[in-house]
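Student:
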Amino acid sequence: GSVTHFVSAMGTTGTIMGTSRFLKEQNPAIQIIGVHPEGESKIPGIRRWPKEYLPKIYDEHRVDKIMEMDQLTAEITTRALAAQEGIFAGVSSGGAVAAALRLSQELENAVIAVIICDRGDRYLSTGVFPG
84 GSVTHFVSAM GTTGTIMGTS RFLKEQNPAI QIIGVHPEGE SKIPGIRRWP KEYLPKIYDE
144 HRVDKIMEMD QLTAEITTRA LAAQEGIFAG VSSGGAVAAA LRLSQELENA VIAVIICDRG
204 DRYLSTGVFP G
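Written as structure tokens, this is what we have:
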């Protein structure tokens, strides 16, 4: 079936803005979901922008919903992607996938696409992937 929801981490917002523009042209009913860190969580590559510092390319009308993600869940999902799926992604990707999985539990008959936006080798020295 057609994709009903698109999930992307929100860093500089370039990916979600460009993808949203294209996908909404193809299917105006698609839901665009942005992911940013909750509270004090620090997820590399994902930012929680204060309104006055939002990137100039960001258009809030292109994002239908914003989901918050905590750092621990993002890291756990990052490790699961590597161990269970063979996808060596970074923590911002883990956060996006965790949000997509959460969304899938809330919706019936949804077709959810998520972007894997970073790679895992950048996190080898951080403790995200224990030896």
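In this text, residue positions in the sequence shown follow our numbering: the first is 84, and each later residue adds one.
Ideal Cβ positions, reconstructed from N, Cα and C, are used throughout, including at glycine.
Since the structure is predicted, the reported quantities are computational estimates derived from the model, not experimental observations.
1. Where do the ends of the beta strand (DSSP E) carrying Val197 lie?
2. When the distance is taken between beta carbons, is Pro138 closer than 8 angstroms to Thr96?
3. On the criterion of 16 or more Cβ atoms from any shown chain inside 10 Å, does Gly214 qualify as buried, or is it exposed?
4. Can you give me the C-alpha to C-alpha distance between Pro111 and Tyr141, rounded to a whole angstrom?
5. Counting only runs of 4+ residues fully inside the region 92-137, write out the alpha helix (DSSP H) ranges in chain order.
6. Quickly, what does DSSP pair Phe89 with across the bridge? List them, please.
7. Using only the alpha-carbon positions, how far apart do Asp204 and Gln188 sit?
8. Since Val86 and Ala196 should fall inside the 8 angstroms C-beta cutoff, what is the C-beta to C-beta distance between them, to a whole number of angstroms?
9. Quick check: Arg202 and Ala172, are their CB atoms within less than 8 angstroms of each other?
10. Nearest to Ser91 by CA position, among Leu184, Lys134 and Ala165, is which residue?
Tutor: On the basis of the supplied data:
1. Stepping through the sequence shown from its first residue, residue 197 is reached at position 114. It spans Ile195 to Val197 - the beta strand (DSSP E) in which Val197 sits, taken as one unbroken run.
2. Residue mapping note: residue 96 aligns to position 13 of the sequence shown, counting from 1. Residue mapping note: residue 138 aligns to position 55 of the sequence shown, counting from 1. Yes.
3. Translated into the one-based positions of the sequence shown, residue 214 becomes position 131. Label assigned to Gly214: exposed.
4. In the sequence shown, residue 111 corresponds to position 28, counting from 1. In the sequence shown, residue 141 corresponds to position 58, counting from 1. Approximately 18 angstroms, taken between the alpha carbons.
5. 97-109
6. Within the sequence shown, the letter at position 6 stands for residue 89. Per DSSP, the beta bridge partners of Phe89 are Ile115 and Ala196.
7. Reading the sequence shown from its first residue, position 121 is the one you call residue 204. Reading the sequence shown from its first residue, position 105 is the one you call residue 188. Whole-angstrom Cα-Cα distance: 30 angstroms.
8. Translated into the one-based positions of the sequence shown, residue 86 becomes position 3. Translated into the one-based positions of the sequence shown, residue 196 becomes position 113. Rounded, the Cβ-Cβ distance is 5 angstroms, consistent with contact.
9. As a working mapping, residue 202 is identified with position 119 in the sequence shown. As a working mapping, residue 172 is identified with position 89 in the sequence shown. In contact: Arg202 and Ala172 (Cβ atoms closer than 8 angstroms).
10. On the sequence shown, residue 91 is found 8 positions in, with the first residue counted as 1. Per the Cα distances, Leu184.
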